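S.K.: Sequential numbering from 179 applies to the sequence shown in my numbering.
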Amino acid sequence: MKLSARNQFKGKVLEINEGAVNATVKIEITKDVVISATISMEAVKDLELKVGSDATAVIKATSVMIMA
């Protein structure tokens, strides 16, 4: 699949915290870098995500927020 988003980070699923509707998925990019995203449970199932699965975090600049 080709995407226009250029900020793509490959890693492994480190953790999946499932809720009733959504899940928080953590992807380990490097030993010191973990990206977390909230996605639907339907997406978790469609992507067949499991801890240890290969995954790619795709970040569009218009969707990034920074918190301190």
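Note that beta-carbon positions come from the ideal geometry of N, C-alpha and C, so glycine has one too. Since this is a predicted model, take the numbers as computed values, not measurements.
Assign V203 to one of two classes, buried (16 or more other C-beta atoms within 10 Å of its C-beta) or exposed (fewer than that).
M.R.: Here residue 203 corresponds to residue number 25 of the sequence shown, with the count starting at 1. Flag for V203 reads buried.
S.K.: Please work out which residues of its chain come closer than 6 Å, Cβ to Cβ, to T234, disregarding the five sequence neighbours upstream and downstream, and give them in chain order.
M.R.: Mapped onto the sequence shown, residue 234 falls at position 56. Contacts found: Q186 and K188.
S.K.: Find the nearest neighbour of V191 within the set I205, M179 and K180, judged by alpha-carbon distance.
M.R.: If you number the sequence shown from 1, residue 191 lands on position 13. The shortest C-alpha separation from V191 is found at I205.
S.K.: Among residues of its own chain, excluding the 5 on either side of K216, which ones have a beta-carbon nearer than 6 Å to its beta-carbon?
M.R.: As a position in the sequence shown, residue 216 is number 38, starting the count at 1. Here the sequence assigns Thr to residue 216, which means Lys is not the residue at that position. For T216, where only same-chain residues beyond five positions count, the Cβ hits under 6 Å are N200 and T202.
S.K.: Going by Cα to Cα distance, which pick from K228, K238 and V211 is closest to E193?
M.R.: Taking the sequence shown and counting its residues from 1, one reaches residue 193 at position 15. Looking only at K228, K238 and V211, the smallest Cα-Cα distance to E193 is reached by K228.
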